[in-house]
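Step one of this worksheet: look at the structure below.
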Ligand SMILES: Cc1cc2nc3c(=O)[nH]c(=O)nc-3n(C[C@H](O)[C@H](O)[C@H](O)COP(=O)(O)OP(=O)(O)OC[C@H]3O[C@@H](n4cnc5c(N)ncnc54)[C@H](O)[C@@H]3O)c2cc1C
Ligand code: SF4
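In my numbering, the protein residues as written are 263 to 766.
As structure tokens, then:
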């Protein structure tokens with residue numbers, strides 16, 4: 263594997279770490295000296311090599327890099343980075359522990375607030391969360407020069423090769439909890455409910471648990487072994503995971519509670535219903551939703567079709583991906599890895615408005631994805647056999663800001679042009695899955711189809727809690743995890759009260 267290690271050599275880094283450590287031990291490092299330490303880039307696979315393999319792109323810090331990076335932290339008294347973290351990880355202290363080489367301590371600090379650091383260190387949009395608030399980035403007037411909190415989180419999480427011992431479980435309460443959906447929110451809710459001594463069962467519609475972390479986010483960004491390790495920990499704790507079980511079809515929420523003896527339920531079914539553009543040609547052969555495309559590639563291993571995998575996927579030469587989020591980047595980069603010669607990313611705003619993580623945009627460009635900004639499809643064209651042959655787009659310009667605060671894209675009349683493609687992937691967003699709504703009369707949903715919950719993630723039905731994308735709309739792993747934790751705390755309290763009432 264070809265590694266591209268940025269500017270400093272290994273020897274230079276060893277020397278730098280030695281000098282910094284000595285200084286730190288003697289007189290301590292002054293803020294000015296910390297600000298002068300060069301930000302440590304992360305080794306990654308060479309773009310030309312990685313576009314034809316599915317191994318992880320970013321390779322993680324070496325120990326020296328991690329400690330040098332951690333020494334850049336000013337240990338601010340008010341730690342503004344913590345305010346930027348959705349689950350308020352004690353960032354200052356865990357980074358400080360890494361600077362001293364106390365990696366076990368650093369991981370323990372993170373785990374107080376986040377159960378999935380190896381996942382979050384890889385996929386959290388740190389540049390608009392903790393790192394955006396970091397004093398180092400603000401002092402250097404460049405958010406990309408903030409302390410690389412996410413990379414440091416990943417570094418300590420990855421050192422924990424065998425996984426922490428399964429957390430202790432309280433004596434059994436005799437209460438049964440059903441977790442519907444095995445995404446990050448469901449995993450955290452299951453762990454926290456089990457720790458409280460409840461009998462926990464996770465029901466998952468797919469044949470493999472893990473939610474979007476398994477069927478959506480590709481291996482080259484989040485190795486599946488990491489998610490498997492977390493699920494193994496759940497099993498070691500005694501959580502039962504039942505796959506191929508669709509709540510709303512196999513059993514309803516009501517049946518789980520009234521007939522199957524579950525005392526409480528967490529709903530974490532995510533936002534898996536793809537949005538389409540409703541333009542001409544969207545039903546042609548070769549048009550995919552990003553969800554379908556990524557599920558075929560990731561979960562069903564369609565790249566091995568005919569060699570062990572039963573699911574096919576288009577063998578494409580020219581692919582158009584529509585959208586500007588993480589899902590669009592993942593689809594475009596997956597298409598390259600599946601052998602496409604040209605991949606066009608079509609987005610109706612500019613790069614500044616793209617919701618994707620900055621690192622993913624950067625990696626997609628490095629790998630050769632062609633960005634077509636301020637453009638949007640008008641129709642998809644096909645041949646007599648209904649196969650996609652081209653996409654017709656309009657050019658756009660930015661107008662006044664819309665409700666999201668981003669400048670509204672405005673089509674330029676008469677600017678139509680066509681691009682020859684054989685595959686189109688629509689990655690413009692997902693809505694919540696309607697099945698639970700259709701089959702659970704007592705639950706309140708908002709006009710977008712999201713479950714309505716209070717600040718403790720309690721739904722309108724007693725004993726039913728919810729979190730993650732089904733509540734927030736398509737959001738992020740860390741927000742889903744945070745809600746899973748809040749919901750589990752409320753659920754544990756609800757069950758404790760139920761127990762007391764039952765004992766009276
Ligand atoms: C391609 C892609 C890339 C992404 N990249 C990022 C990223 O880089 N960073 C980031 O923070 N976020 C990213 N996200 C968003 C993030 O993955 C989600 O916000 C997060 O996974 C939501 O977690 P969740 O707990 O709500 O459940 P989900 O991960 O959505 O999982 C829900 C699970 O419920 C199951 N389910 C659905 N209906 C039923 C039912 N009726 N019965 C039983 N089970 C059911 C589903 O099969 C699924 O396994 C990405 C999303 C996608 C699609
Ligand atoms: S804001 Fe930045 S420099 Fe300050 S404690 Fe947090 S990580 Fe360290």
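Positions of the beta carbon are idealized from the N, C-alpha and C atoms, including for glycine.
Asked, Found
"Which residue's Cα is closest to the Cα of residue 845: 353, 376, 698 and 740?", "The structure shown has nothing for residue 845, since the chain only spans 263 to 766."
"Just to confirm my understanding: we take residue 587, look at its own chain, exclude 5 residues before and 5 after, and list those with CB closer than 6 Å. What are they?", "617 and 618"
"Span of the alpha helix (DSSP H) holding residue 284?", "272 to 288"
"From residue 442 to residue 526, what does the alpha carbon distance come to, in whole angstroms?", "11 Å"
"What ranges does the alpha helix (DSSP H) occupy inside the segment 354 to 396, keeping only unbroken runs of at least 4 residues that lie completely in it?", "365 to 375, 379 to 385 and 392 to 395"
"Using 8 Å as the Cβ pair cut-off and three pairs as the minimum, do the segment 433 to 450 and the segment 366 to 374 touch?", "no"
"Do residue 606 and residue 635 have their CB atoms nearer than 8 Å?", "no"
"Report yes or no: do the segment 370 to 381 and the segment 344 to 360 share at least 3 C-beta pairs separated by less than 8 Å?", "yes"
"So does the segment 542 to 556 actually touch the segment 686 to 697, counting three or more Cβ pairs closer than 8 Å?", "yes"
"Can you determine whether any heavy atom of ligand 1 sits closer than 7 Å to the C-beta of residue 619, and answer yes or no?", "yes"
"Is residue 342 close to ligand 2? I mean its beta-carbon at under 7 Å from any heavy atom of the ligand.", "yes"
"Measuring straight from C-alpha to C-alpha, what distance separates residue 395 and residue 519?", "44 Å"
"Taking 7 Å as the line, does the beta carbon of residue 248 fall inside it for any heavy atom of ligand 1?", "It is not possible to answer for residue 248, since the shown part of the chain is limited to 263 through 766."
"Cutting at 8 Å between CB atoms, please list the residues of its own chain near residue 581, excluding the five before and the five after it.", "594, 597, 602, 604, 605, 606, 683, 684, 685, 686 and 687"
"Run through the DSSP bridge pairs and tell me what residue 461 is partnered with.", "438"
"State the DSSP-derived secondary structure class of residue 673, mapped to helix, strand or coil.", "strand"
"Can we say the segment 462 to 474 touches the segment 501 to 516, given the rule of at least three CB pairs closer than 8 Å?", "yes"
"Helix, strand or coil: how does DSSP classify residue 756 here?", "helix"
"Are the CB atoms of residue 304 and residue 322 within a distance shorter than 8 Å?", "yes"
"Pick out the complete alpha helix (DSSP H) segments inside the segment 494 to 544, 4 residues or longer, and give them in chain order.", "515 to 520"
"Name the two residues that bound the continuous beta strand (DSSP E) containing residue 660.", "650 to 663"
"Grouping DSSP H, G and I as helix and E and B as strand, with all else coil, what is residue 296?", "helix"
"Between residue 729 and residue 742, how many whole angstroms is the CB-CB distance? I'm expecting something under 8 Å.", "6 Å"
"On the criterion of 16 or more Cβ atoms from any shown chain inside 10 Å, does residue 482 qualify as buried, or is it exposed?", "buried"
"Going by beta carbon distance, what residues of the same chain come within less than 7 Å of residue 297, once the five residues before and after it are set aside?", "398, 401 and 402"
"Return the chain-ordered list of same chain residues with a C-beta closer than 7 Å to the C-beta of residue 391, the five sequence neighbours on each side being excluded.", "346, 347 and 348"
"Could you compute how far the alpha carbon of residue 330 sits from the alpha carbon of residue 652?", "50 Å"
"Take every Cβ of the segment 743 to 761, pair it with every Cβ of the segment 403 to 410, and state whether three or more of those distances are shorter than 8 Å.", "no"
"Pull up the distance between the alpha-carbon of residue 632 and that of residue 547, whole angstroms please.", "23 Å"
"List the whole-angstrom C-beta distance separating residue 320 from residue 306, where the pair is believed to meet the contact cut-off of C-beta under 8 Å.", "5 Å"
"For residue 316, which residues of its own chain have a beta-carbon under 8 Å away from its beta-carbon, when the five flanking residues on both sides are left out?", "480, 481, 482, 565 and 599"
"Between the segment 649 to 667 and the segment 534 to 549, do three or more beta carbon pairs fall short of 8 Å?", "yes"
"What are the start and end residues of each continuous alpha helix (DSSP H) run of 4 or more residues lying completely inside the segment 558 to 607, in chain order?", "588 to 599"
"Classify residue 416 as buried or exposed, calling it buried when 16 or more other Cβ atoms lie within 10 Å of its own Cβ.", "buried"
"Given a threshold of 16 other Cβ atoms within 10 Å of its Cβ, counted over all protein chains shown, does residue 534 qualify as buried or as exposed?", "buried"
"Residue 384: beta carbon under 7 Å from a heavy atom of ligand 2?", "no"
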